[in-house]
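Undergrad: Going by this note's numbering, the sequence shown opens with residue 2, and the numbers climb by one from there.
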Amino acid sequence: MTKYCPKCGAQNPDDAVYCIKCGYKFPLEASEQPANDQQKTAESAQNVTNQQAAQPSTTSQTYYCQECGQPVPHGYIYCPVCGSFKIAPYPPSYIPRPAGVTVLGIIQIIFSAISLWVGMTFLGMTLAPAGGVFAIVGIAFVVAGALSLIFAVAFLTGKNWGRILMMIGAIIELIDFPLGTVMGILILWYLTRPRVKAYFKQPK
Ligand SMILES: [Zn+2]
Ligand SMILES: [Zn+2]
2 MTKYCPKCGA QNPDDAVYCI KCGYKFPLEA SEQPANDQQK TAESAQNVTN
52 QQAAQPSTTS QTYYCQECGQ PVPHGYIYCP VCGSFKIAPY PPSYIPRPAG
102 VTVLGIIQII FSAISLWVGM TFLGMTLAPA GGVFAIVGIA FVVAGALSLI
152 FAVAFLTGKN WGRILMMIGA IIELIDFPLG TVMGILILWY LTRPRVKAYF
202 KQPK
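(1) Is any heavy atom in ligand 2 found nearer than 7 Å to the beta carbon of Cys66?
(2) Alpha carbons only, please: which of Val119, Pro7, Trp118, Gln109 is nearest the one belonging to Ile188?
(3) Within 7 Å: the Cβ of Cys6 and any heavy atom of ligand 2?
(4) For ligand 2, I want to know if Cys80 counts as a neighbour, meaning its beta carbon is within less than 7 Å of at least one of the ligand's heavy atoms.
(5) What are the boundary residues of the alpha helix (DSSP H) that Val138 is part of?
(6) Where do the ends of the beta strand (DSSP E) carrying Lys206 lie?
(7) Does the beta-carbon of Gln62 have 16 or more other beta-carbons within 10 angstroms, so that it is buried, or is it exposed?
(8) Have a look at Pro130, Ser113, Val143 and flag the residue whose alpha-carbon is nearest the alpha-carbon of Thr122.
(9) Over the uninterrupted beta strand (DSSP E) stretch that includes Pro74, give me the two end residues.
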């Protein structure tokens, strides 16, 4: 199955988000399909394009998008997944950390530091009357801060479980209407972008 680009008329795989010839971004509904179907269609579309591309020469080399790592058949000018034109006959060597991941990671480190600081402050008050309660609260904040710091470092260094945890956090944030809802949706949207996913899924 193929669809045609309304801008340049090129044949595209059915699940292409960007035109492989001109980079035109297809309207969203056009690419909505169950994930399994999409994969099958992409495979068959790739086969078709492979055969077409292979007609002049018998070599059918796999090319790769250098920005999101998507394998594409020879002849694609734009990546159908992310729209990048950086396509080369080898897999991308290293996908650099996207700026938004750095920002989210730093915010997480700040939260961790605040939690550690609050915990230390409470632990400093254990000599006061009812000091035992302060100690319990203090230890809880220190442990939470330490775990949050481990998570922040994992997220920044591209561990995929860090991305999953950040997404779970964003889902919980959705309840906090309106600001948390907006932030949660933005974070979920951002962390599922092909380029961002590729950063977390690349072999380390
Ligand atoms: Zn086009
Ligand atoms: Zn791409």
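The beta carbon of each residue, even a glycine, is placed where N, CA and C say it ideally should be.
In this text the structure is predicted, and so the values were computed from the model without any measurement.
TA: Quick answer:
(1) Taking the first residue of the sequence shown as position 1, residue 66 is located at position 65. Inclusion of Cys66 in the 7 Å shell around ligand 2 follows from its C-beta lying nearer than that to a non-hydrogen atom of the ligand.
(2) On the sequence shown, position 187 is the one that residue 188 refers to. The residue with the shortest Cα to Cα distance from Ile188 is Gln109.
(3) Taking the sequence shown and counting its residues from 1, the one referred to as residue 6 is at position 5. False, no ligand heavy atom lies under 7 Å from that Cβ.
(4) Here the question's residue 80 lines up with position 79 in the sequence shown. Flag set: Cβ of Cys80 near ligand 2.
(5) To locate residue 138, count along the sequence shown from 1; it is residue 137. Here the alpha helix (DSSP H) through Val138 covers 132 to 157.
(6) Given a span of 2 to 205 for the chain in the structure shown, any question on residue 206 remains unanswerable.
(7) For the purposes of this step, residue 62 is identified with residue 61 of the sequence shown, where counting begins at 1. When all chains shown are included, Gln62 counts as exposed.
(8) Here residue 122 corresponds to residue number 121 of the sequence shown, with the count starting at 1. When each option's Cα is compared against that of Thr122, the closest is Val143.
(9) The residue labelled residue 74 in the question sits at position 73 within the sequence shown. 72 to 74 is the extent of the beta strand (DSSP E) around Pro74.
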